[in-house]
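For the sequence shown, counting from 1, position 2 maps to 825 in the working numbering; every step adds exactly one.
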Amino acid sequence: MKTNLLSLGKTVCTFLLTPALIFCFSISSLAATYYISPFGNNTTGNGTIGNPWRTLSKATQTVTTFGDVIHVLAGTYTETQT
824 MKTNLLSLGK TVCTFLLTPA LIFCFSISSL AATYYISPFG NNTTGNGTIG NPWRTLSKAT
884 QTVTTFGDVI HVLAGTYTET QT
């Protein structure tokens with residue numbers, strides 16, 4: 824009787840990796856994306872591409888969920904807070 828260990832190893836790897844990949848993709852799909860722009864507004868902005876915040880300090884105080892992303896649009900920023 825001949826045992827093919829190579830095919831058994833592929834099956835075990837597939838069985839273990841599939842749930843791990845599904846878990847990683849499900850977490851990353853929950854991440855939100857926010858934007859800041861030198862032409863944005865910290866008072867009326869909501870962090871969307873159409874209504875961004877003005878400063879990185881506002882974005883970092885508002886966005887506290889792990890995995891969320893803050894995109895910094897091109898321009899010159901003047902930050903007054905550390």
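By construction, the Cβ of each residue, glycine as well, lies at the ideal position given by its N, Cα and C atoms.
For the alpha helix (DSSP H) that T885 lies in, which residues bound it at each end? Residues 879 to 885.
For T841, three-class secondary structure by DSSP: Collapsing the DSSP output to three states places T841 in a helix.
Cα separation between G870 and T841? Within the model, the alpha-carbon separation for G870 versus T841 is close to 34 Å.
Backbone secondary structure at I859 - three-state DSSP: The answer is strand: DSSP assigns I859 an E or B state.
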